[in-house]
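One structure below.
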Amino acid sequence: MSDFGDCPALKASVWGAPRQGGSMTSAAPASPMTAHERRHAGAPGPAPIWSGRPADPLLVYAALFAASVLAFSVGVALEPRVGDAGAGLIGVAVAVVGGTTCGWSWLLARALFASPSERRARWPRLLVAGMIATSLVVALAPHAAASAGVWGGVGRMAANAHGLASSAVLVLALIEPLRALSDPANGEDRRFRIGFAAGYGALLAVAVLWPREAGEGSVAAQMADEVKLAAAWLALVGAGLAVLHRRRTTREAAARPALNERPADAGGEDGLAARLAALMADERVTGDPDMKVPKIAARLRVPEYKVSRAIQALGFANFNQMINQHRLERAKAMLADPRLADRSILTIAMECGFGSIGPFNRAFKAHTAQTPSGFRRAAKVVSRAP
């Protein structure tokens, strides 16, 4: 086991006709119409149980995390019987579900903080599926790791792989909320991310690191199970609060464009273009390699299509052309600055917002007809001229 480890009700026709003239009249129950009769009579059929709308991944992962915490708690309470040969399928199920608590906590953190494009990635779900598989192997043969032969080797490999994956996803879940802290657009979201990371890190330190680092006879070692249980349930409460907060802010963000459209469009398209130009003068904006039209639209509080119009009003064909123009102008200034002569071209490219040296070199040469190193040498010669 790992460290952390409305649909409407149908109404029956009990009473007959409604109250008329102060009395209640009874009526014989009508026989139900068949599907054929409903089609010909035009009566609506029964409401579908499933509307066809996809489930919200945030709620799905929150429910799976809650189930894993419950299973983890049951496993700790019944240990060592859960996972033993005589525990049966229920014991195996408890061990497997409770053994993937770390994985579900990571997927929940991704649903809370990752961008929509990142959340569509399959490899995180495949990793957690692998954790489920290794947990199943360990639960089916809990003593395999101590036995000899092929099955013993498989058990040891599964236990080691599960342990490594659990440790990795614990760290990834801690890193997830910290990845976008450099974006100052939303102060409330920044505070939410810092608070989540701080709380998660504190629980991780108390439930995982403290018992491991303490000696065998220490209080932490003797109460390791109790500490893990308390931390798991605190994590569940914190996760529930985080989900409620994220759903509230998502609803508010969806309603915000309609509320702010007039203030944001003050001055018309010319005013929006001026605001966009001022935003592009911010080196923190152009220096963000992940800066795209959706982020710009969120900062300006306008729909994305209006940002595209403003880009064209500024004389650029598209967003990439506009932002690369600003990035390259900054790179030229940095390359020509004698005080930055010791700074590598790769470092300058990264500071200006390019993700790697190749695209920077190509864009720079297309813009200046020189390589970055050639431009730097020419600027050095000019600066030395009397």
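When the count follows the working numbering, it moves up by one through the sequence shown with no breaks and lands on 1108 for the last residue.
In this text, a Cβ means the ideal position worked out from N, Cα and C, and glycines have one as well.
Nothing here was measured: the structure is a model prediction, and the numbers come from that model.
Contact check, residue i vs residue j, beta carbons under 8 Å
i: T1008; j: H1048; result: yes
i: A1036; j: V1029; result: First, the residue type needs correcting, since residue 1036 is Leu and not Ala in the sequence shown. Going by C-beta atoms, L1036 is not nearer than 8 Å to V1029.
i: A1101; j: L1057; result: yes
i: A831; j: E898; result: yes
i: V850; j: T822; result: yes
i: G960; j: G921; result: yes
i: P794; j: G810; result: The question names Pro, yet the displayed sequence has Phe at residue 794. No, these two residues do not count as a Cβ contact at 8 Å.
i: A1019; j: P1025; result: yes
i: V928; j: A953; result: yes
i: M853; j: S889; result: no
i: V860; j: A881; result: yes
Closest by C-alpha distance to residue i, when choosing among the options
i: E1051; options: A1035, T1090 and A1020; result: T1090
i: S837; options: Y922, A890, L786 and L780; result: L780
i: N1040; options: K1014, V860, V1024 and D1004; result: K1014
i: G825; options: V891, F1038 and L862; result: V891
i: T971; options: S790, L800 and L834; result: L834
i: R1099; options: A1085, G1080 and K1054; result: K1054
i: R841; options: R1006, L800 and D778; result: D778
i: W955; options: G993, L926, E974 and R969; result: L926
i: Q1043; options: R1006, R1065, A1085 and E910; result: A1085
i: G993; options: R1006, R1031, D1004 and E1005; result: R1031
C-alpha gap between residue i and residue j, whole angstroms
i: F1110; j: A995; result: Residue numbering for the chain in the displayed model covers 723 to 1108; residue 1110 lies beyond these limits and cannot be assessed.
i: A817; j: S857; result: 7 Å
i: L886; j: A788; result: 22 Å
i: R847; j: F918; result: 22 Å
i: K1087; j: S1078; result: 15 Å
i: F1097; j: R912; result: 39 Å
i: V791; j: L900; result: 24 Å
i: V1104; j: C1074; result: 23 Å
i: L1062; j: M1072; result: 14 Å
i: P1060; j: P1016; result: 37 Å
i: D683; j: H884; result: Residue 683 is absent from the structure shown; the chain starts at 723 and stops at 1108.
i: I1033; j: W932; result: 54 Å
i: G1080; j: T1093; result: 11 Å
i: H973; j: R1065; result: The question names His, but residue 973 in the sequence shown is Arg. Cα-Cα distance, rounded: 45 Å.
i: F1038; j: Y1027; result: 14 Å
i: L829; j: V930; result: 19 Å
i: I812; j: M879; result: 24 Å
i: D1004; j: W845; result: 35 Å
Distance between beta carbons of residue j and residue i, contact taken as under 8 Å
i: S827; j: A785; result: Their Cβ separation, rounded to whole angstroms, is 13 Å, which puts S827 and A785 out of contact at 8 Å.
i: L951; j: V814; result: With a Cβ gap of about 21 Å, L951 and V814 do not count as contacting.
i: I1070; j: M1002; result: Wrong, their Cβ atoms sit about 19 Å apart, outside the cutoff.
Within-8 Å CB hit, residue i to chain B
i: V818; result: The structure shown has no chain B; it contains just one protein chain.
Buried versus exposed, by CB contacts within 10 Å (16 or more), residue i
i: S1095; result: exposed
i: I916; result: exposed
i: L998; result: buried
i: S962; result: According to the sequence displayed, residue 962 carries Gly and not Ser. It is exposed - the Cβ of G962 has fewer than 16 other Cβ atoms within 10 Å.
i: G877; result: buried
i: A1000; result: exposed
i: V893; result: exposed
i: F1082; result: buried
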